[in-house]
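Heads up: the structure comes next, in structure tokens.
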Amino acid sequence: MFFSSRIAPEKDGETLLAAVRELRGQGRDVWLLHRSGGFRTLRSYAERYGVADRVIATDAAHPLTELPGDYQAADLCVQASREEGLGFSPLEALACETPVVAAAVGGLRETIVDGETGWTCPAGDAAALARAMADALTRRDEARRRARAGRAMVRERFERRVVFDRLMATLEVP
């Protein structure tokens, strides 16, 4: 699983680590990759949650040359935020057709639609997050279907020319 957000209270890496601990307790062979600023803090949190042996945390990946490969190599991208604007990490994951599990907060409610473009759960609920992650990891065909739908949504709504044209149309004064 991939968690690419910076480490900050609103990104809620601790709930994610609690969910990883829960999955490990169920006997699931899960690993969490984190490549962002604050990776040392995530490592210390992982030790506190007893999952440090299942967390690979390194400095930030280059957004163009490394990050796409990380998303494509992952079985799942997880965004456990308590607050979120648009939520670029899940959009990047979907652009790479990587399934997403996200907290249903902020802009994530508009892009990660449960049953359509990913899985959602309440913010701060490690048990619900673990259930969603387990479902996404178990039902591979469904995960691929949602990721494909998510990629189509990203291409339709966030392709740079489309976004730029919409911005210019908004800024035009009659």
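Quick note: the sequence shown, position 64, residue 70 per our numbering, numbers continuous. Note that CB positions come from ideal geometry on N, CA and C, so glycine has one too.
Next item on the list: Classify R151 as helix, strand or coil using the three-state DSSP reduction.
Entry: The residue labelled residue 151 in the question sits at position 145 within the sequence shown. It is helical.
Next item on the list: Could you check what DSSP says for D35 in three-state terms: helix, strand or coil?
Entry: Along the sequence shown, one-based indexing puts residue 35 at 29. Here DSSP, grouped into helix, strand and coil, assigns D35 to coil.
Notebook entry, point to check: Does the stretch 154–168 touch the stretch 95–112, meaning 3 or more C-beta pairs lie closer than 8 angstroms?
Noted result: Yes: at least three Cβ pairs fall under 8 angstroms.
Notebook entry, point to check: Shortest alpha-carbon distance to E16 belongs to which of Q85, T71, D141 and R172?
Noted result: Counting from one through the sequence shown, the residue named residue 16 turns up at place 10. Of the listed residues, the one whose Cα sits closest to E16 is Q85.
Next item on the list: In the DSSP assignment, find the unbroken beta strand (DSSP E) run with T123 in it and report its ends.
Entry: Position 117 of the sequence shown, counting from 1, holds the residue named residue 123. From DSSP, T123 is part of no beta strand (DSSP E); its letter is neither H nor E.
Checklist line | CB of G124 within 8 angstroms of CB of L92, strictly | finding: To locate residue 124, count along the sequence shown from 1; it is residue 118. To locate residue 92, count along the sequence shown from 1; it is residue 86. The answer is no: Cβ separation not under 8 angstroms.
Check: Taking three-plus beta-carbon pairs below 8 angstroms as touching, is the stretch 114–122 in contact with the stretch 53–61?
Finding: Put simply, the stretch 114–122 does not touch the stretch 53–61. Fewer than three CB pairs are less than 8 angstroms apart.
Item checked: Complete beta strand (DSSP E) runs within the stretch 75–126 (minimum length 3 residues, chain order) -> The qualifying runs are 83–85 and 106–109.
Checklist line | Distance between beta carbons of E28 and A136, contact taken as under 8 angstroms | finding: Walking along the sequence shown from the start, residue 136 turns up at place 130. Walking along the sequence shown from the start, residue 28 turns up at place 22. Between E28 and A136 the Cβ distance is about 4 angstroms, and since that is below 8 angstroms, they are a contact.
Note to self: So, with DSSP's three-state summary, where would you put A63?
What the structure shows: In the sequence shown, residue 63 corresponds to position 57, counting from 1. In the structure shown, A63 sits in a strand (DSSP, three-state: E or B).
Check: Apart from the five residues on each side of it in sequence, which residues of its chain come closer than 7 angstroms, Cβ to Cβ, to R151?
Finding: As a position in the sequence shown, residue 151 is number 145, starting the count at 1. Closer than 7 angstroms at Cβ, skipping near neighbours: no residue.
Checklist line | Beta-carbon proximity list for E178, same chain, < 6 angstroms, skipping 5 on both sides | finding: Position 172 of the sequence shown, counting from 1, holds the residue named residue 178. Excluding residues within five positions, none has a Cβ falling inside 6 angstroms.
Margin query: Assuming contact is defined by CB atoms lying nearer than 8 angstroms, are L143 and D81 in contact in what I supplied?
Written below: Translated into the one-based positions of the sequence shown, residue 143 becomes position 137. Translated into the one-based positions of the sequence shown, residue 81 becomes position 75. Closer than 8 angstroms, so yes.
Check: Looking at R41 and A66, is the spacing between their C-beta atoms short of 8 angstroms?
Finding: On the sequence shown, position 60 is the one that residue 66 refers to. On the sequence shown, position 35 is the one that residue 41 refers to. In this structure, R41 lies closer than 8 angstroms to A66 by Cβ.
Check: What are the start and end residues of the alpha helix (DSSP H) that includes E53?
Finding: Position 47 of the sequence shown, counted from the start, is the residue given in the question as residue 53. Counting along the chain, the alpha helix (DSSP H) containing E53 begins and ends at F45 to R54.
Notebook entry, point to check: Candidates V61, A138 and E116: which alpha carbon is nearest T126's?
Noted result: If you number the sequence shown from 1, residue 126 lands on position 120. Checked all of V61, A138 and E116; the closest Cα to T126 is A138.
Next item on the list: Confirm, please, whether the CB-CB distance from L97 to F9 is below 8 angstroms.
Entry: As a first step, residue 9 is located in the sequence shown; it is residue number 3 there, counting from the start. As a first step, residue 97 is located in the sequence shown; it is residue number 91 there, counting from the start. No, they are not a contact pair.
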